[in-house]
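A short worksheet on the structure shown next.
Residue numbers (our numbering): 225 to 379.
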């Protein structure tokens, strides 16, 4: 039995070094599992929460209207949205003005700046998922942004 108190990597490492598992095939299998679990380890600094908020995007210093998309999940460091593919507005590395609001609230949106840090096409090619890193949120909006986390579900 694996001791999960040390987490999945610790438990598998302990099992691999155990005298009870001398069969080479079992040790190789466990080593492969250790590598797989380590590779899947979360790289985010903050947890993600499922959230259907409205995120508006436009290029920095643009006077155009914001293009609204619905978030799939959010965290203190950023969020994920699904967009039509291809969309020339969404380019990896591009910094953008961003607004975020709860569609059920009448409050002014949270305003900030974010950067597109990753994009991937969905398997069925119906859309692209886009990862946005928040680089700045106005000080007066930070408390309202944090409030988005108080009623959402873990992703």
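Glycine included, each C-beta is placed from N, C-alpha and C at the ideal position.
> Can you tell which of 358, 337 and 300 has the C-alpha that lies nearest to the C-alpha of residue 274?
Replying inline: 300
>> So the candidates are 309, 289, 320 and 348; which of them puts its Cα closest to the Cα of residue 340?
In response: 320
>> Am I right that residue 307 and residue 352 are in contact with their C-beta atoms under 8 Å? What's the rounded C-beta distance?
In response: 5 Å
>> Applying the 10 Å Cβ sphere with the 16-neighbour rule, what's the burial state of residue 264?
In response: Only weak support is given to the placement of residue 264: the predicted model assigns it a pLDDT of 48, under 50, and the question is left unresolved by the model.
>> Per the DSSP calculation, residue 387 is bridged to which residue(s)?
In response: This structure gives no information on residue 387, because the portion of the chain shown stretches from 225 to 379.
> If you draw a straight line from the alpha carbon of residue 272 to that of residue 291, how long is it in whole angstroms?
Replying inline: 23 Å
> Which stretch, first to last residue, makes up the beta strand (DSSP E) that contains residue 330?
Replying inline: Residue 330 -> no beta strand (DSSP E), and no H or E assigned at all.
>> In whole angstroms, give me the CA-to-CA distance for residue 344 and residue 331.
In response: 32 Å
> Using the rule of at least 16 other Cβ atoms within 10 Å of the residue's Cβ for burial, across every protein chain shown, is residue 181 buried or exposed?
Replying inline: Missing from the structure shown is residue 181; the chain here goes from 225 to 379 and no further.
>> Need the endpoints of the beta strand (DSSP E) that residue 306 sits in, please.
In response: 302-307
>> Among the candidates 313, 294 and 312, whose CA atom is the shortest distance from the CA of residue 304?
In response: 294
>> Within the continuous beta strand (DSSP E) that includes residue 317, where are the two ends?
In response: Neither: residue 317 is in no beta strand (DSSP E) and is coded neither H nor E.
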